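Protein chains in written order, with our numbering: chain A, 38 to 390; chain B, 38 to 390; chain C, 38 to 390; chain D, 38 to 390. In this text, a Cβ means the ideal position worked out from N, Cα and C, and glycines have one as well. Keep in mind that this is a model prediction, so the values were computed, not measured. Structure record follows, encoded as structure tokens.
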């Protein structure tokens with residue numbers, strides 16, 4: 038029940054704390070005979086890792102993936118793929134200040150209460166560093182379903198929003214700026230805002246929009262394992278996520294049926310797509326799109342009250358190298374989780390063929 | 038992979054189409070020795086069933102649950118609980134008009150594409166009638182965790198919102214009106230709006246807020262099976278749901294960390310609760326609260342374009358007895374799914390004890 | 038964890054006690070569009086049910102299956118198939134004599150210790166009556182894989198064994214006698230032996246051999262879910278089973294490698310088949326064959342010592358209608374479980390295609 | 038579906054080929070706060086590894102386990118435990134002779150047919166080297182249930198059997214000889230026999246008996262997940278296993294009920310234990326004992342016919358360092374798999390408390 042596995046057919050099981058020897062995982066259910074593109078994997082890892090730009094944490098993490106099994110002469114063999122990502126740079130960090138105290142809006146307190154013990158260094162298992170293993174899994178998942186296109190981008194930072202529908206955006210521009218927002222004017226505003234927030238020792242939340250295109254009709258399982266329900270769980274499992282909506286989302290809840298229904302074209306596509314590419318939990322071939330809300334990072338470079346394990350409040354000055362805004366680095370994580378779901382449901386649907 | 042099962046320890050597996058002989062399910066993992074309150078189960082079923090008030094569908098469904106196993110002399114025995122809910126009133130309905138045509142924003146088209154066959158009567162497996170089985174499961178789940186209080190209510194209909202925080206609401210008033218909105222003035226506005234919409238042969242969406250109180254600290258599993266991720270999946274699996282947010286939700290994505298962090302009191306509770314009772318996927322003992330968005334019902338009592346299986350558009354006049362707004366009847370379903378998650382995670386956590 | 042589900046893709050989940058209202062189950066993962074042969078299902082149920090011949094129990098159980106969902110106009114729809122088997126004839130039996138006492142070599146004592154409560158009537162959930170649901174599942178499984186031939190037969194009763202290899206037997210003769218032994222001379226000896234044992238108020242054990250033919254190459258999953266490991270678990274889950282061996286089995290453990298290795302023919306078949314059709318957990322296209330050991334039925338029509346719940350030994354005279362030898366009626370159960378495994382692994386392998 | 042995971046609560050997921058970079062796995066569901074005995078783990082690894090004595094293969098495998106996560110300051114933290122076992126000595130072996138040919142009674146042929154590709158070096162994923170990861174998992178499992186005693190030993194080699202019941206054996210003598218047979222006279226006969234077989238370039242099968250003592254009453258789940266069914270699957274998943282029997286086993290199938298039933302003592306124990314410590318799939322507190330049949334190792338140091346991928350038979354001379362009899366080294370593997378099952382069912386039963 039330990040919650041370290043994602044997926045049913047294409048499965049990723051992960052391990053690792055932020056300051057242990059290594060992170061890693063096992064990928065199961067990867068079809069045999071796929072000639073893996075290792076550069077693509079490396080490139081996804083680069084997108085997630087800290088220190089890429091001025092607006093993200095300057096922590097150095099090499100995030101080099103070592104594959105240990107399941108690949109022979111460059112091709113997948115159908116057996117489980119083990120991998121590790123050594124923690125090369127963490128050893129020297131000093132976390133003694135939080136050994137006996139619980140940071141606000143972190144998981145320190147609940148881990149201690151649940152398990153009676155916690156690896157306090159860098160958040161241990163609850164650290165977002167864990168998502169590195171997800172990106173490995175996701176980048177392999179993408180290679181199983183090359184025809185399905187998955188693009189995520191930052192759609193808001195604080196109260197700065199892109200004010201265009203995704204159809205008007207050029208996804209090739211996503212990585213052209215540090216924020217990963219494909220609308221360049223908005224990106225500039227966001228970047229400035231993040232720098233300002235950072236200067237204050239504060240942090241800010243944001244949202245990521247993800248668009249999945251060229252999806253075959255029929256992916257998704259009725260009732261409890263609807264495609265969007267699994268996408269929602271996937272996103273909500275990412276650190277700091279507070280909300281998920283797809284298609285018309287929360288706005289749709291304000292609409293009338295006569296405005297909301299997507300009428301058909303003769304070829305089975307629909308004139309509008311408020312449904313977000315999914316009907317009754319099953320893909321209908323239209324674009325799947327959803328939006329994910331991230332709260333502001335809890336670690337502030339300010340003085341803050343902690344609770345310690347003697348039941349006292351103590352004031353600590355936040356320090357270290359932390360993101361002022363997590364969403365730019367979360368873009369590849371959202372894509373990775375989306376890819377894990379899509380590959381899993383793609384393989385699942387083969388049973389029906 | 039068929040997606041008919043929810044839960045890991047406390048599991049509900051369901052079957053049934055809207056116009057088959059019966060719906061039903063199997064509940065596994067229910068602890069032994071619980072003296073079931075059958076009136077409470079019946080009462081939850083009553084809350085979900087059609088025809089309760091002027092603003093919901095006037096369809097008659099008796100929704101009488103027959104328990105077939107797992108209960109001996111009124112007590113659970115620890116073995117699987119089989120149950121059925123006969124479909125007593127559906128036989129006579131005429132669905133020949135949609136036999137060969139796909140209603141917009143329904144699952145008709147994708148079922149046909151995925152399976153090559155569909156029980157077209159009343160939506161078959163994709164009908165919301167399937168949620169009756171969820172309410173049976175949920176009402177038993179509630180009896181496993183009597184100390185945990187779960188209250189859902191309608192927080193918006195169309196653009197009419199309750200403008201108070203949930204702390205100012207009296208949950209005992211939820212069932213005092215047809216809309217299931219505990220704020221009476223707002224409830225009246227909502228009810229009038231739904232009647233107006235109904236007169237137009239139209240439908241309208243809405244949101245449900247759910248508050249879970251008195252939760253033990255420590256429920257939830259790290260990484261992929263975070264408590265809120267499972268709650269999100271549970272809600273997103275309900276028909277017509279388009280979004281889920283918990284704690285600060287999408288608003289939290291606009292905030293700064295210094296405003297968002299929940300500072301501790303000396304007893305481990307927090308002064309604010311923007312986290313929504315969950316840290317790192319694990320309950321912290323504060324109230325869990327979340328909001329669920331429902332799109333407007335797709336079946337309109339208007340003329341609408343359907344696609345037929347010859348690839349033609351045909352105009353059909355919607356008819357029959359349907360809800361103009363689904364949220365009042367969805368309240369017990371949201372509670373049921375929340376109860377399934379909480380009971381499951383409650384039992385899961387016993388392994389750690 | 039409750040153990041009521043068998044299978045991963047093609048899944049059977051069951052419920053029901055021997056003296057409750059009904060037994061039943063849910064079949065998930067059945068491919069869509071299969072025109073079910075209901076007579077075949079009925080016929081399998083007939084083979085399992087009591088009262089078919091002089092050598093089995095004369096208890097009357099109608100074992101009529103009612104399908105409630107997942108089937109539309111005679112064809113499977115891909116959604117979950119719910120079914121019930123009403124317990125029509127059990128109500129009047131008197132089980133008050135075992136209410137407070139534990140029969141030797143029955144599960145009465147361990148159920149009471151594990152759950153603190155038990156439905157004592159007829160063994161409750163531990164009754165072999167539960168296998169009726171397995172036969173429903175297995176008879177549908179057979180229809181998914183019509184090309185794979187599954188034949189089980191009684192290969193020994195007590196110390197009376199068939200002394201021929203299965204290749205010399207005519208499987209069409211299996212149902213030609215009450216023992217379900219295709220070798221008629223041996224069948225006669227077995228039948229006489231069972232009648233003799235029955236006269237003594239005693240019972241006797243036996244073995245069933247099962248042969249699975251025309252299996253595609255490649256079914257089975259490496260490491261923990263080897264095809265024969267799942268077959269073994271399937272058989273060991275049947276009431277009264279004490280052992281499982283496949284291919285050369287326990288005899289193989291006495292052999293030398295030079296005698297045991299199966300050398301290849303040019304077409305990939307093997308000259309011998311001591312492997313039993315499975316290499317490294319994966320089918321190689323040769324016949325799969327295995328043997329299952331059943332202990333003698335524990336209920337004797339004799340005086341026997343019971344333990345009661347006051348910690349006393351009491352002598353009770355066994356009574357009622359019970360099998361003197363369970364293996365003839367277990368033949369369709371062995372076939373059903375084999376079919377469940379083969380259909381599941383057949384569908385599982387489609388993911389690799 | 039890939040079959041690399043064993044267990045439901047206490048789960049072991051493994052990866053690794055015999056000649057890849059490393060083997061390894063992830064252990065989930067290990068309770069928090071256990072001070073691990075790393076020497077005990079190392080000692081179990083030593084028992085399994087090649088080269089321990091004159092009668093086993095002289096291959097050198099260091100089998101050093103590196104733990105990467107889930108352990109903090111020597112104690113388990115409740116999070117997933119990742120580990121690797123580097124393949125230090127395999128690189129230089131030459132397997133080009135089997136690159137295009139399939140050894141008899143090995144999995145070469147079926148892997149190629151199932152996956153269209155195989156890592157032919159040393160059997161790849163089908164190599165018994167994979168069991169090293171099982172021993173890691175099993176040795177941690179043992180530490181979760183220290184009160185339960187698990188002892189396996191060699192009970193036969195070829196046609197040489199221990200002729201005593203296990204109650205007359207001294208389990209502390211198991212590791213006192215190279216064969217791991219606690220009866221010294223028999224051990225000597227076995228050892229001589231293996232040496233003789235080895236001289237012939239041949240191999241021989243054998244059986245292992247395992248005894249599990251001091252088991253709490255109530256472990257096991259009814260119907261499909263009976264305790265002995267899971268033990269059976271666990272054993273059958275080990276390379277080269279052809280059969281499993283528990284309690285009276287295949288002999289029990291020859292007995293009469295009046296001889297087979299285990300009568301109660303006043304304290305709930307039984308006078309005999311033909312049931313093998315399990316009733317209806319649930320432990321009754323008596324010793325659990327079972328026997329596992331291993332076929333002779335397929336790799337012979339003789340000339341043998343292979344099939345090659347051009348559909349030709351070719352004669353190859355077996356070479357290298359291989360076991361003439363696998364059972365002595367399989368003893369710790371049997372114990373490991375038994376420990377995995379017992380720890381899993383022990384934790385599972387906590388849900389009922």
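Buried versus exposed, by CB contacts within 10 Å (16 or more), residue 350 of chain A: exposed
Minimum C-alpha distance to residue 263 of chain B - residue among B:58, B:315, B:302: B:315
Buried or exposed (CB count within 10 angstroms, at least 16 for buried), residue 255 of chain D: buried
Distance CB(residue 260 of chain B)-CB(residue 41 of chain A) smaller than 7 angstroms: yes
Test item: CB-CB of residue 185 of chain A and residue 379 of chain A under 7 angstroms: yes
Buried versus exposed, by CB contacts within 10 Å (16 or more), residue 233 of chain D: exposed
DSSP bridge partner residues for residue 344 of chain C (one or two, in chain order): C:139, C:350
C-beta contact flag for residue 154 of chain A and residue 117 of chain A at 7 angstroms: no
Opening and closing residue of the beta strand (DSSP E) in which residue 49 of chain C lies: 48 to 52
Proximity test, Cβ basis, 7 angstroms: residue 273 of chain D and chain B: no
Under 7 angstroms between C-beta atoms of residue 362 of chain C and residue 241 of chain C: yes
Nearest-angstrom beta carbon gap, residue 265 of chain B and residue 322 of chain B [assumed within contact, 8 angstroms]: Residue 322 of chain B to residue 265 of chain B, Cβ: 15 angstroms. No contact.
Which listed residue (B:216, B:246, B:231) has its alpha carbon closest to that of residue 202 of chain B: B:246
Among C:331, C:304, C:358, C:327, the one whose alpha carbon lies nearest that of residue 339 of chain C: C:358
Validate contact between the segment 106 to 113 of chain C and the segment 298 to 305 of chain C using beta carbons, cut 8 angstroms, 3 pairs: no
For residue 287 of chain A and residue 393 of chain A, believed in contact at Cβ under 8 angstroms, the rounded distance: As displayed, chain A neither begins before 38 nor continues past 390, which places residue 393 of chain A out of reach and without an answer.
Pairwise C-alpha distance: residue 388 of chain D and residue 68 of chain B: 8 angstroms
Interface partners of residue 312 of chain D on chain C, CB under 7 angstroms: 142
For residue 251 of chain A and residue 236 of chain B, the rounded distance between their alpha carbons: 40 angstroms
For residue 148 of chain C, the three-state DSSP class (helix, strand or coil): helix
Nearest residue (CA-CA) to residue 213 of chain A, options A:148, A:365, A:197, A:377: A:365
Cβ pair residue 66 of chain A, residue 144 of chain D closer than 7 angstroms: no
beta-carbon residue 229 of chain B near the ligand FMN non-hydrogen atom, thresh 6 angstroms: Only the bare structure without any ligand can be found here, which leaves the ligand FMN out of the picture.
Closer than 7 angstroms to chain A by CB, residue 384 of chain C: yes
Against chain D: residues of the segment 248 to 261 of chain C by CB proximity under 9 angstroms: 254, 255, 256, 257, 258, 259, 260, 261
Extent of the continuous beta strand (DSSP E) to which residue 328 of chain D belongs: 325 to 331
DSSP-derived helix/strand/coil call for residue 378 of chain A: helix
Status (buried if at least 16 other CB within 10 Å, exposed otherwise) for residue 376 of chain C: buried
Bridge partners - residue 388 of chain D, DSSP secondary structure assignment: None; residue 388 of chain D has no bridge partner.
Rounded separation between residue 49 of chain B and residue 177 of chain B - CA only: 10 angstroms
Residue 115 of chain C: contacting residues in chain A (beta-carbon distance under 8 angstroms): 389
The segment 52 to 77 of chain B: positions lying closer than 8 angstroms to chain D by Cβ: 66, 68, 69
Stretch-stretch touch, CB-based, cutoff 8 angstroms, three pairs: the segment 288 to 295 of chain B with the segment 330 to 345 of chain A: yes
Proximity of residue 56 of chain D and residue 175 of chain D at Cβ, strictly below 7 angstroms: no
Neighbouring residues, chain A, relative to residue 46 of chain C (Cβ below 7 angstroms): 388
7 angstroms Cβ cut-off: residues of chain C touching residue 50 of chain B: 50, 63
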